[in-house]
Amino acid sequence: MDWSYTIWIPLLPFVGFLLLGFYGRKLPAPVPGWIGTIGVFGALVLSYITAYNYFFVENTDMLFEPIKGFEMLWMNFTDVLQFKMGVLLDPISVMMMVVVSTVSFLVHLYSIGYMKGDPGFGRFFVSLSLFTFAMLGLVVATNLFQIYFFWELVGVSSYLLIGFYYEKPSAILASKKAFIVTRFADFFFLIGILIISYYTQTFDFLTLNGMDETSFTSLSASSFMGMSVLAWALTLAFIGGAGKSAMFPLHIWLPDAMEGPTPVSALIHAATMVVAGVFLVARLFPMYSHVDGGAVLHIVAFVGAFSSLFAAIIALTQLDIKRVLAFSTMSQIGYMMLGLGVSGLEGHEGLGYTASMFHLFTHAFFKSLLFLGAGAIIHAVHSNYMTKMGGLRKYLPITHITFLIAALAISGIWPFAGFFSKDAILDAAYMHNKIYFWVGWFVAGLTAFYMFRLYYRIFWYEDRVYKHTPHEAPATMTYPLMILGALSLLAGFVFFYVWPFAEYIGPTGKPFHMHINWILAGISLGVALIGIVLATIMYKKKNDIPDKVSKAFGLFYKWTYDKFYFDEIYMFVTKKIMFGIISAGWTWFDTNIVDGTMNLIGNTTVKSSNAIKKLQSGRMQDYAYAIVSGAVALVIIFVYIWTH
Amino acid sequence: MFYILAIIILVFSFLAVTSSKVMRATMYLLFTLIATGGLYFLIDYNFMASVQLIVYAGGIVALIIFAVMLTEKIEAKIALPDKTKMIFAGLLSIVGSIVTIYILLSHPFKESSNDIGQTVSVIGENLLNYGEGGFVLPFELVSILLLASLIAAIVIAKRKFDN
Amino acid sequence: MIQGVGITHVLIVSTLMFFIGIYGFLTRKNLITILIAIELILNSVAINFIVINKYLFPEKINGQIFSLFIIAVAAAEVAIAIAVVIDFYRINKSIDVEHGETMKY
């Protein structure tokens, strides 16, 4: 089957980007919005066709081999060092294509309504199309070079979009922080790529993943401090992924990234860009499992579990609704990393991998729904803080119902989507290490609690009187909400019973059957329900139980509220230690010598011209003086010096 | 005789450029020009001497005196130049003259011993001679130049009426 | 040919007059005195032509003719210069050369 049409999946949004980039300013709103949406819709249609062909037509024996849909040689240096760009079709990349194009399309549609009246309307859609192009290019990458290229491009789009309200200083600072933190992590990723490609002599994913056990052991022979070089390289690559996915300790940029417009938060920082790290580990999963017997996966699991617990605790006390959702995202991505970390390769061992991908899939829908709903709420109330909200269920019915669906989904209540995916992860964790299971269980409870705290504070709590009556969002905003609501409701069910996810997406392309361990599922469902009940008691109607609880926690509450002071620690280290001490010498050199030389050249030119211009005095006698003395000098030279 | 005239020329020209009163400078110039005319008489170029005395000494100096009278008081003192300029210009003049004189002295001039005096008729014939060796073209051009300068002087110096 | 006087002596006289004229041109501040210095320069050149004609080529008259033209041109030039000086005086109310610095940087 001819798969070369798949190159248009990333390219259609790119064409949209170019069109909007050149003409976006001249077109009146909302035309740029519709152009961007149509570009993404084209990508969406092609993705669905590709998914249908790949999963149902091509591989009817349920054995999914990766296919290179398209590849071209971009830069050729030597036989080994070649940079190719192409489209790789494999279960996870096709799934990600579907997810990215669906969520991007819905966010584009939503943004037409949300960004109405904003002077930067065209600019927003230019950056959104660029992001969609970059994310699609990332997920279909055939080799490490291409994934790194689009990784950076995604970072740039994120920078542009977070700093969209560029007149707000906090937005500029947030965009810089996001870009610098992810760029810092990407430095380690680059070193990892270089080491991997040096030792394995290839960038290509199919070759890297297709190496068998023996070639890995032979390559991993050279070791460094206990782990082989390849294991170090994979760890470095994981650090890059951890930065992009806001894992501890590189998580500081994600809460601040909420300064961007809410559709941006929904698309980039909930559903797509932040899962790039998870996608990277999943893409290189055979390498991760084989090298050193899966040693790096222990690091992955630990980081994932710790981040999810850390984020869940902080989310309990935050008052800005977008910050709560940001920490919730961090926590859920921690789940996905945990799922990958506890996974093996063959058969039922591969449950963690499948569960992680399934959770990525469902999380995209309900998290983006939560963000878009938050956007509608913020749009109605003109404030981000839950202290200014309450009783909104009367005013925003559609938002209310969809938000409730998403909250139930994220809490893992049957039959909503999150139940199946979260339970699968906990099941895989249980098989691997009981501590991870109990941590994950506790985080599930915390998740339910803080989500419903959020839900009740917004929609119930107290019947507040608003200065401007909040009104429901316009149709372009509510239709995406409803579509996502339906997906959150049904995706889990559909992809578990009708088209079982595990039969399509497994670590080695071979199917296996995923079943629910009802005992574990029951325990996690129980803790989720306890969380919901606690939240109902504390937050459905305004009372003073929360105050008493927070006072009981005392200092720990304050630490949690201030996000454990990580921002302050980083700023201290950066400003005092790095700027003050380590880079002081270089800064002195740069300011005084490098800049000084440039300034010297400029100043010398100016001063000498000031001096020379006095020669043009306007007095003819001075000019005559010059002429006569020049003539006499020439005579002297020619008569005496030249001829002797 | 020659040396007396030479001394007169040099002394008066030097005074002309260094005197502080305009009228005196003009007078010194007049003496210089008359002495030059005398020099021309000495070498038997009577026509040139007469032309020098009539045009130069008579016309031009008179013109300068008119200008002085029209523009400022005759008795007014004019400012002396500043010291650095005097030194530099003086230096330049001295160096230049030394160089030129040195060249002159080291050049072998072949003096011809043929001493024919020229008469006015020869000059007159050649001025209007349009054959070989004739000067009719420059003659005509100079006449046009004089006409042009006449008109230009009137145009530049007339009182302008701004209406 | 003047008896007893070599050509170089006369040429030295004219050279000195030339450089005195240059000195005066570069030094003086009053426009009229600058004009006087210019006359000295032109005069010295005329002497030069005539003397060389007399000493080196006595059968020809080119030097005399050329000096004639020099005198004619000098006269024309003085006429125009005086006209300019009068106009200058009308505008600036003085004939100091410092007032002519409009082409300054």
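Protein chains in written order, with the numbering used here: chain Y, 672 to 1315; chain Z, 50 to 212; chain P, 114 to 218. A virtual CB, placed ideally from N, CA and C, is assigned to each residue, including glycine.
Exercise. Can you give the Cα-Cα distance for residue 997 (chain Y) and residue 1124 (chain Y), rounded to whole angstroms?
Worked result: Roughly 15 Å separates the two Cα atoms.
Exercise. With respect to 7 Å, is the separation between the Cβ of residue 953 (chain Y) and the closest non-hydrogen atom of the ligand FMN below this value?
Worked result: Ligands in the displayed structure: none, and consequently the ligand FMN is not present.
Exercise. Between residue 1299 (chain Y) and chain Z, is there a C-beta pair that is closer than 8 Å?
Worked result: Interface criterion met: the Cβ of residue 1299 (chain Y) is under 8 Å from a Cβ in chain Z.
Problem set entry | Nearest residue (CA-CA) to residue 945 (chain Y), options Y:810, Y:757, Y:1070 and Y:955 | The shortest C-alpha separation from residue 945 (chain Y) is found at Y:810.
Problem set entry | DSSP beta-bridge partners of residue 1132 (chain Y) | Per DSSP, Y:1212.
Problem set entry | Under 8 Å from the C-beta of residue 111 (chain Z): neighbouring residues of chain Y | Under the 8 Å cutoff, chain Y gives no residues; its nearest Cβ is about 25 Å from residue 111 (chain Z).
Exercise. Shorter than 8 Å from the beta carbon of residue 139 (chain Z) to some beta carbon of chain Y?
Worked result: No, because no Cβ of chain Y sits closer than 8 Å to the Cβ of residue 139 (chain Z).
Exercise. Is residue 152 (chain Z) helix, strand or coil when you go by DSSP?
Worked result: Residue state, collapsed to three classes: helix.
For this session: Between the Cα of residue 1316 (chain Y) and those of Y:963, Y:1020, Y:1121 and Y:1080, spot the shortest distance and give me the residue it belongs to.
Result: With chain Y represented from 672 up to 1315, any question about residue 1316 (chain Y) goes unanswered, as that position is not in the structure.
For this session: Anything in chain P within Cβ reach of residue 63 (chain Z), meaning under 7 Å, just list it in chain order.
Result: Neighbours of residue 63 (chain Z) on chain P, chain order: 133.
Exercise. Applying a beta-carbon distance threshold of less than 7 Å, which residues of chain B neighbour residue 152 (chain P)?
Worked result: The displayed structure is made up of protein chains Y, Z and P, and chain B is not among them.
Problem set entry | Contacting residues, own chain, Cβ-Cβ under 6 Å from residue 1126 (chain Y) (five flanking each side not counted) | Closer than 6 Å at Cβ, skipping near neighbours: 1078.
Exercise. Does the distance from the C-beta atom of residue 138 (chain Z) to that of residue 136 (chain P) stay below 8 Å?
Worked result: Here residue 138 (chain Z) is near residue 136 (chain P), since their CB atoms are less than 8 Å apart.
Exercise. Is it the case that the Cβ atoms of residue 153 (chain P) and residue 62 (chain Z) are separated by a distance below 8 Å?
Worked result: Taking 8 Å as the cut-off, the beta carbon of residue 153 (chain P) is found closer than this to the beta carbon of residue 62 (chain Z).
Exercise. Between the C-alpha atoms of residue 694 (chain Y) and residue 685 (chain Y), what's the straight-line distance to the nearest angstrom?
Worked result: The C-alpha of residue 685 (chain Y) is placed about 14 Å away from the C-alpha of residue 694 (chain Y).
Exercise. Under 8 Å, do residue 1121 (chain Y) and residue 983 (chain Y) count as touching if we go by C-beta distance?
Worked result: In this structure, residue 983 (chain Y) lies closer than 8 Å to residue 1121 (chain Y) by Cβ.
For this session: Note down, in chain order, every chain P residue with its Cβ under 7 Å from the Cβ of residue 1295 (chain Y).
Result: Close to residue 1295 (chain Y), with beta-carbon spacing below 7 Å, are these residues of chain P in chain order: 138 and 139.
Exercise. How big is the Cα-Cα spacing for residue 1205 (chain Y) and residue 1058 (chain Y)?
Worked result: Straight-line Cα distance between these residues: approximately 19 Å.
Exercise. Do you know whose CA, among Y:1090, Y:874, Y:1142 and Y:688, lies nearest residue 1198 (chain Y)'s CA?
Worked result: Distance from the Cα of residue 1198 (chain Y) is smallest, within the candidate group Y:1090, Y:874, Y:1142 and Y:688, for Y:1090.
For this session: Provide the residue span of the beta strand (DSSP E) that contains residue 1399 (chain Y), from first to last.
Result: Look at the range of chain Y in this structure, 672 to 1315, and you will see that residue 1399 (chain Y) is not part of it.
For this session: Report yes or no: do the stretch 144-152 of chain P and the stretch 83-93 of chain Z share at least 3 C-beta pairs separated by less than 8 Å?
Result: The stretch 144-152 of chain P, when compared against the stretch 83-93 of chain Z, does not touch it at the 8 Å Cβ threshold.
Problem set entry | Reference residue 860 (chain Y), options Y:1172, Y:955 and Y:904, closest by Cα | The candidate whose alpha carbon is nearest that of residue 860 (chain Y) is Y:904.
Problem set entry | Residue-level contact to chain Z via CB, residue 210 (chain P), 8 Å cutoff | Judged by the 8 Å Cβ criterion, residue 210 (chain P) is not in contact with chain Z.
Exercise. Residues of chain Y with CB under 8 Å from residue 214 (chain P), in chain order?
Worked result: Near residue 214 (chain P) (Cβ distances below 8 Å), the residues of chain Y are 1288, 1289 and 1290.
Exercise. How about residue 854 (chain Y) and residue 826 (chain Y): are their beta carbons less than 8 Å apart?
Worked result: A contact, by the Cβ cut-off of 8 Å.
Exercise. If you count every other CB in all the chains shown that lies within 10 Å of the CB of residue 1280 (chain Y), and 16 or more means buried, which is it?
Worked result: With fewer than 16 Cβ atoms within 10 Å of its Cβ, residue 1280 (chain Y) is classed as exposed.
For this session: Just the chain P side, please: which residues come within less than 8 Å of residue 99 (chain Z) by C-beta, in chain order?
Result: Within 8 Å Cβ-Cβ: nothing; residue 99 (chain Z) doesn't reach chain P, min ~11 Å.
Problem set entry | Neighbour-count burial assignment, residue 206 (chain P), 16 or more Cβ in a 10 Å radius | Here residue 206 (chain P) is exposed, its C-beta having fewer than 16 other C-beta atoms within 10 Å.
Exercise. Do you know how far the Cα of residue 763 (chain Y) is from the Cα of residue 797 (chain Y)?
Worked result: Taking the straight line joining both Cα atoms gives about 27 Å.
Exercise. Can you name the start and end residues of the alpha helix (DSSP H) that residue 688 (chain Y) belongs to?
Worked result: The continuous alpha helix (DSSP H) containing residue 688 (chain Y) extends over residues 679-694.
Exercise. Taking 8 Å as the CB-CB cut-off, is residue 104 (chain Z) touching chain Y?
Worked result: Cβ-Cβ to chain Y under 8 Å: no for residue 104 (chain Z).
Exercise. Could you give the C-beta distance for residue 50 (chain Z) and residue 79 (chain Z), rounded to a whole number, given that I count them as a contact under 8 Å?
Worked result: Incorrect: roughly 20 Å between the Cβ atoms, too far for contact.
Exercise. Which one or two residues does DSSP pair with residue 754 (chain Y) in a beta bridge?
Worked result: The partner list for residue 754 (chain Y) (beta bridge, DSSP) reads Y:746.
For this session: Taking only the alpha-carbon atoms, compute the straight-line gap between residue 875 (chain Y) and residue 822 (chain Y) and give it to the nearest angstrom.
Result: Cα-Cα distance, rounded: 16 Å.
Problem set entry | Three-pair Cβ contact test at 8 Å for the stretch 1060-1067 of chain Y versus the stretch 1131-1138 of chain Y | Contact between the stretch 1060-1067 of chain Y and the stretch 1131-1138 of chain Y is present: 3 or more CB-CB pairs across the two stretches fall below 8 Å.
For this session: Return the bridge partner residues of residue 143 (chain P) from the DSSP annotation.
Result: According to DSSP, residue 143 (chain P) bridges with P:209.
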